[in-house]
Amino acid sequence: MRKRFATKGEATAYENFIMREVDDKPWMGSKPDNRRLSDIVELWYSHYGRTLVNGDVIIQKFHHMVNAMGNPIAATFSAKTYSDFRSRRMSGELIFVDGRWNRGKPSISTMNSELARFKAVFNKLKELGEWNAPNPLDDVKPFRESEREMSFLTTEQIKLLLELVAQHEIADMLKIVKICLSTGARWNEAAKLRGSQLSEYKITYTNTKTKKNRTVPISRELYEEIYKPTSGRLFEECYTPFCYILKNKLGITLPSGQASHVLRHTFASHFMMNGGNILVLRDVLGHADISMTMRYSHFAPDHLSDAITRNPLSNL
């Protein structure tokens, strides 16, 4: 059957349409997806991961995980594949090539974080139209974990820490410690502070973990101590010697991975012990979810105090 068109342009457009239909072969069903798991994580990185603050670190970790799972064809990747990987990881059998990840058996928290991130890869690509099948990890559940102990410094330990840090040859260390204890900043937020983030009696934290800027007031004394007439970096890096002081001179034992957060935990704990408002603390710390801040609620002087006056024995 011949089809007539008013113009040559319409005829050409129709011809192209028909040719595309033939190329797609809709009667043949979907084309086989032969992409490897490594292709999937690279696609995630190029379309989304690179926008994350720690995207480069995450993609490096993903490649170690993919290689440990044998880099299967993504379409065959299953909950069992991941479960087998997680079991070997939990036993300490898997030691990644990069020394950065060669730290023995991972914690439950680490494995749950890995699962959440890997699930998010497929969810994000599905959202972007780059993955059409169901998420292969939908049925894999995280392990239940106990609430982590959060260590903080007592008033006497804070005084001793300030004395020890003041004696160190890197003078900037004392300034960074004071900023963390005064504003609840993460170590890197304070250590990488730039002059452009400092205004009279205020610090504005940018490029934060939650991707939201926050401004926290500081005392005039602290402002004058840290101010420099520059828009660039204010401090010399000194995290390693700081950790040495914590471990070997202050004489405290911290749970694994908490050295960089002990000052932040100390600020939050003392803030609540001094009668601070939990909602204000959430804003100062920059938490995206109030449940994160609620970990400090038990430090409030009147926390659950009704248990004393409203228990059945109080009326006898």
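Note that the working numbering numbers the sequence shown so that position 147 is 834, with each residue one more than the last.
Beta carbons: idealized from backbone N, C-alpha and C, even for Gly.
For Arg776, the enclosing alpha helix (DSSP H) has its first and last residue at Ala766 to Ser778.
When DSSP states are grouped into helix, strand and coil, Ile863 belongs to the helix group. In this structure, Tyr769 sits away from Leu848, with a CB-CB distance that is not shorter than 8 angstroms. By alpha-carbon distance to Ile863, the top candidate from Leu781, Tyr914 and Ala762 is Tyr914. Per DSSP, the unbroken beta strand (DSSP E) holding Val903 starts and ends at Arg901 to Pro904. Leu724 places its beta carbon less than 8 angstroms from that of Pro759. Nearest neighbour of His952 by Cα position, chosen from Pro916, Asn900 and Ser869, turns out to be Ser869. Around the beta-carbon of Met981, fewer than 16 other beta-carbon atoms lie within 10 Å, marking it exposed. By the neighbour-count criterion, in which a residue is buried when 16 or more other Cβ atoms sit within 10 angstroms of its Cβ, Leu880 is buried.
Residues Ile866, Ser869, Thr870, Tyr888, Lys889 and Ile890 of the same chain have their beta carbon placed closer than 8 angstroms to that of Ile905, with the five preceding and five following residues left out of the count. Within a 10 Å sphere around the beta-carbon of Ala693 sit fewer than 16 other beta-carbons, which makes this residue exposed. Check the Cα spacing between Asn822 and each of Asp859, Ala766 and Pro916: the tightest is with Ala766. When DSSP reads this structure, Ser886 sits in a beta bridge with Lys889.
For the pair of segments examined, the region 981–1000 was found not to touch the region 892–904: the number of CB pairs separated by less than 8 angstroms stays below three.
DSSP places Pro928 in the uninterrupted alpha helix (DSSP H) bounded by Tyr926 to Tyr931. Rounded to whole angstroms, the separation of the alpha carbons of Leu802 and Met777 is 13 angstroms.
Relative to the Cα of Gln884, the nearest Cα in the group His855, Ala858, Ser918 and Glu911 belongs to Ser918. Between Phe830 and Ile795, the CB-CB gap stays under 8 angstroms.
In the assembly as shown, Glu876 is a buried residue. Its beta-carbon has 16 or more other beta-carbons within 10 Å.
For Ile795, the enclosing alpha helix (DSSP H) begins and ends at Ile795 to Glu814. With a 10 Å radius around the Cβ and a threshold of 16 neighbouring Cβ atoms, Lys748 comes out buried.
The Cβ atoms of Asp859 and Glu923 lie closer than 8 angstroms to each other. Secondary structure at Arg723: strand, using DSSP grouped into helix, strand and coil. The criterion of a C-beta distance shorter than 8 angstroms is not satisfied by Lys828 and Tyr735.
Taking C-beta atoms under 8 angstroms as the contact rule, Ala762 and Ala820 qualify, at a distance of about 7 angstroms.
Leu937 and Leu851 have their C-alpha atoms roughly 8 angstroms apart.
Residue state for Ile760 is assigned as strand, using DSSP reduced to three classes. Assignment of Arg737 by DSSP, reduced to helix, strand and coil, places it in the helix class. Residue Phe764 holds the alpha-carbon nearest to the alpha-carbon of Asn721 among Thr699, Leu1003, Ile977 and Phe764. Short of 7 angstroms from the beta carbon of Pro793, and not among the five residues preceding or following it, lie these beta carbons of its own chain, in chain order: Arg776. Taking 8 angstroms as the cut-off, the beta carbon of Ile939 is found no closer than this to the beta carbon of Gln854.
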